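*Asks:*
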Amino acid sequence: MQSIDKATIGERIQSRRRELSLTQVKVAEEIGVSMAAISLWEKNKTNLSSENLQKLAQVLQCSVSWLLNGEDSFDNQVTTYTGGNCSSHRILKIFDLLPDKEKAKIVEFAEELLSKHAKALENELNKVKKNINNI
């Protein structure tokens, strides 16, 4: 996420939405409100409910704290994001912060884990096949 020093919540909403290439219509659909509501929020014409604020933070992949006052804490972003797969999102955020050399180590480790997992699944599949053949 860009470091956007915007004075109002509306400016932060609009900047983040545009950064993610999301339309007001798409954000409205994801949250379950009208496009007009998004427009009013971005213009600071109306306040968000706490429920809609949480949903908006999820859609915009940022923390509620950042939306409210511009704080851009890594920990807040990771712990407040609940949309999609939170573990995957957290791993990607951490991965992006690492130098290339460390990223290469992580990729190698992940490939090793995947290979072990595939072998374990293959062994389980073979056991099931044997059991079926014995019936």
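Using our numbering, the letters of the sequence shown map in sequence onto residues 1 to 135.
Here a beta-carbon is modelled for each residue, glycine too, at the ideal position from N, C-alpha and C.
All figures in this text were calculated on a predicted structure; none of them were measured in a lab.
Give me the residue from Asn131, Lys129, Glu11 with the minimum Cα distance to Asn69.
*Replies:* Mapped onto the sequence shown, residue 69 falls at position 69. Comparing Cα-Cα distances from Asn69 to each of Asn131, Lys129, Glu11, the minimum goes to Glu11.
*Asks:* For Ala57, tell me which candidate among Leu97, Gln14, Lys127 has the shortest Cα-Cα distance.
*Replies:* Position 57 of the sequence shown holds residue 57. Nearest C-alpha to Ala57: Gln14.
*Asks:* Ile38 and Gln54 look like a contact to me (Cβ under 8 Å); what is the Cβ gap, rounded to whole Å?
*Replies:* Position 38 of the sequence shown, counting from 1, holds the residue named residue 38. Position 54 of the sequence shown, counting from 1, holds the residue named residue 54. No, Ile38 and Gln54 are not in contact; Cβ-Cβ is about 15 Å, not under 8 Å.
*Asks:* So, at 6 Å on beta carbons, what are the nonlocal neighbours of Asn44 in its own chain, with the 5 sequence-adjacent residues on each side left out?
*Replies:* Taking the first residue of the sequence shown as position 1, residue 44 is located at position 44. Only Thr8, Gly10 meet the Cβ criterion.
*Asks:* For the alpha helix (DSSP H) containing Asn123, list its first residue and its last residue.
*Replies:* Here the question's residue 123 lines up with position 123 in the sequence shown. Taken as a continuous stretch (DSSP letters only), the alpha helix (DSSP H) holding Asn123 covers 100-133.
*Asks:* From this set, Gly32, Leu60, Lys26, Glu42, which residue's C-alpha is nearest Glu19's C-alpha?
*Replies:* Here residue 19 refers to the residue found at position 19 when the sequence shown is read from its first residue. Here the closest residue by C-alpha is Leu60.
*Asks:* Going by other Cβ atoms of all chains shown within 10 Å of its Cβ, with 16 needed for buried, is Thr115 buried or exposed?
*Replies:* Numbered from 1 along the sequence shown, position 115 holds the residue referred to as residue 115. It is worth fixing the name first, because residue 115 is Ser in this sequence and not Thr. So Ser115 counts as exposed.
*Asks:* Rounding to the nearest angstrom, what Cα-Cα distance links Lys103 and Glu51 in this structure?
*Replies:* Position 103 of the sequence shown, counted from the first residue, corresponds to residue 103. Position 51 of the sequence shown, counted from the first residue, corresponds to residue 51. Lys103 and Glu51: Cα-Cα distance of roughly 37 Å.
*Asks:* Can you give me the C-alpha to C-alpha distance between Pro99 and Lys119, rounded to a whole angstrom?
*Replies:* Along the sequence shown, one-based indexing puts residue 99 at 99. Along the sequence shown, one-based indexing puts residue 119 at 119. So the alpha carbons of these two residues sit roughly 31 Å apart.
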